[in-house]
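Peer 1: There's a structure below that I have some questions on.
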Amino acid sequence: MSPVRESITKGVVSPVRQVPASIARPEYVGKKRASLWTGGDVHSAETIEKIRISARIAAQALAEVGRHVAPGVTTDELDRIGHEFVLDHGAYPSTLGYPGAAGRPAFPKALCTSVNEVICHGIPDSTVIEEGDIVKVDITAFKDGVHGDNCGSFIAGEGSDGAQKLVSTTHEAMMRGIKAAQPGREVNVIGRVIEKYAARHGFESVRSYTGHGVGPAFHTGLVIPHYDAAPHHADVIEVGMVFTVEPMLCMGSEENHEWDDGWTVVTDDRSWVAQFEHTIVITETGPEVLTLP
Ligand code: MF3
Ligand code: CO
Ligand code: CO
């Protein structure tokens with residue numbers, strides 16, 4: 236048996252990595268808060284083609300970073316790899332400089348690294364990945380005025396049977412939620428499917444963080460819950476809509492709290508969490524995943 240991993244604690248965050256002036260920044264960089272998006276969630280064919288390009292860069296970046304998840308690697312090193320990959324593809328890493336809640340600092344890195352009991356929004360730092368850790372990497376690329384957002388869970392080394400089952404069940408829950416996103420249905424169908432599938436496998440689905448409309452804005456205001464929110468969140472799914480599905484499933488209770496860094500979210504009971512995320516577009520024939528390499 237491998238020794239039980241200690242709780243995750245705050246590490247040292249490295250200096251901000253630079254972005255060449257030739258790379259266009261999203262509007263919120265350097266501002267107190269992101270502008271409110273009022274343009275809706277149904278996009279033109281032209282905008283969708285642009286989102287497809289950003290989404291592909293994000294997916295390729297995720298695969299590249301994921302290849303480097305291994306015992307002994309720091310989460311800061313993962314940030315360096317993702318940061319450079321996105322810049323090399325002419326895009327901006329959307330989380331870098333993304334404004335926080337009132338009075339909180341902006342997110343300081345090119346991707347989120349959330350290890351074990353960290354649900355989401357983990358800040359890459361000097362934390363060293365250990366054998367069996369579940370490392371969630373969430374990376375978003377901004378190019379030609381639009382964002383593509385995705386996340387994956389990677390196990391360092393072999394991983395316990397429990398960790399492997401959590402990761403595979405979370406991926407399957409996401410895919411089932413995506414398949415349920417058919418035009419004419421309410422968005423709450425997605426979370427209903429995800430929560431039911433999670434529960435069948437003994438896992439809880441996080442309620443306080445959700446999927447979202449994405450494209451010309453990082454977060455458009457449209458909310459996609461990963462639990463059964465009916466009769467709320469009754470927005471009707473339409474052809475041309477673009478949004479994320481990004482369930483977080485927990486081995487224990489989904490109750491959670493935020494660290495005083497203003498970002499890192501952890502389960503109250505320290506139970507481990509997996510997450511996957513895709514950006515999807517709704518077509519006449521159903522959902523299409525855009526975040527593919
Ligand atoms: N990519 C995350 C999402 O899926 C958002 C991260 S915002 C950050 O919505 F500031 F924490 F990076
Ligand atoms: Co994301
Ligand atoms: Co997202």
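First residue of the sequence shown? That's 236 in our numbering, and the numbers climb one at a time after it.
Note that the Cβ used here is the ideal one computed from N, Cα and C, for glycine as well.
The structure displayed is predicted, hence computed values, not measured ones.
Where are the beta strand (DSSP E) runs, 3 residues long or more, that stay fully inside the region 388-453, in chain order?
Peer 2: The qualifying runs do not exist here; there are none.
Peer 1: Quick check on the burial criterion: 16 or more other C-beta atoms within 10 angstroms. Buried or exposed for V363?
Peer 2: Working through the sequence shown from its first residue, we reach residue 363 at position 128. V363 comes out exposed.
Peer 1: Kindly identify the DSSP beta-bridge partner or partners of E512.
Peer 2: As a working note, residue 512 is residue 277 in the sequence shown. Answer is C386.
Peer 1: Just checking, does the region 363-382 make contact with the region 403-415 on the three C-beta pairs under 8 Å criterion?
Peer 2: The region 363-382 vs the region 403-415: no contact.
Peer 1: Quick one: what's Y327 bridged to in DSSP?
Peer 2: If you number the sequence shown from 1, residue 327 lands on position 92. Answer by DSSP bridge pairing, in chain order: F377.
Peer 1: Given 8 Å as the limit, tell me if G446 has its C-beta closer than that to any heavy atom belonging to ligand 3.
Peer 2: Start at 1 with the first residue of the sequence shown, and residue 446 comes out as number 211. Yes, the Cβ of G446 comes within 8 Å of a heavy atom of ligand 3.
Peer 1: For the alpha helix (DSSP H) that contains T362, what are its first and last residues?
Peer 2: Taking the first residue of the sequence shown as position 1, residue 362 is located at position 127. First-last for T362: undefined, no H or E at that position.
Peer 1: Taking 8 Å as the cut-off, does the region 496-509 touch the region 346-365 (at least 3 CB pairs, one atom from each stretch)?
Peer 2: Yes, the region 346-365 is in contact with the region 496-509.
Peer 1: Which residues bound the beta strand (DSSP E) around V524?
Peer 2: Position 289 of the sequence shown, counted from the start, is the residue given in the question as residue 524. Note, V524: beta strand (DSSP E), 521-524.
Peer 1: Can you find a heavy atom of ligand 2 that lies under 8 Å from the Cβ of A314?
Peer 2: Mapped onto the sequence shown, residue 314 falls at position 79. Per the sequence presented here, residue 314 reads as Asp, with Ala not at that position. Checking every heavy atom of ligand 2 against the Cβ of D314, none is found closer than 8 Å.
Peer 1: Distance check for E241 and V328, CA to CA, integer angstroms please.
Peer 2: The residue labelled residue 328 in the question sits at position 93 within the sequence shown. The residue labelled residue 241 in the question sits at position 6 within the sequence shown. What sits at residue 328 in the sequence shown is Pro, not Val. Near 30 Å, if we compare the C-alpha coordinates of E241 and P328.
Peer 1: With C-beta atoms as the reference, is I459 less than 9 Å away from R420?
Peer 2: As a working note, residue 459 is residue 224 in the sequence shown. As a working note, residue 420 is residue 185 in the sequence shown. Taking 9 Å as the Cβ cut-off, I459 and R420 do not qualify as a contacting pair.
Peer 1: Do I258 and G325 have their C-beta atoms closer together than 9 Å?
Peer 2: Stepping through the sequence shown from its first residue, residue 258 is reached at position 23. Stepping through the sequence shown from its first residue, residue 325 is reached at position 90. Yes, these two residues count as a Cβ contact at 9 Å.
Peer 1: Which whole runs of the alpha helix (DSSP H) in the region 290-352 are 4 residues long or more, in chain order?
Peer 2: You should have 310-323.
Peer 1: Evaluate the contact criterion for the region 471-486 versus the region 313-320: three or more CB pairs, one atom per stretch, below 8 Å.
Peer 2: At 8 Å Cβ cutoff, the stretches do not touch.
Peer 1: If we count Cβ pairs, one from each stretch, closer than 8 Å, do we get three or more for the region 463-470 versus the region 421-428?
Peer 2: Taking 8 Å as the limit for Cβ pairs, the verdict is that the region 421-428 does touch the region 463-470.
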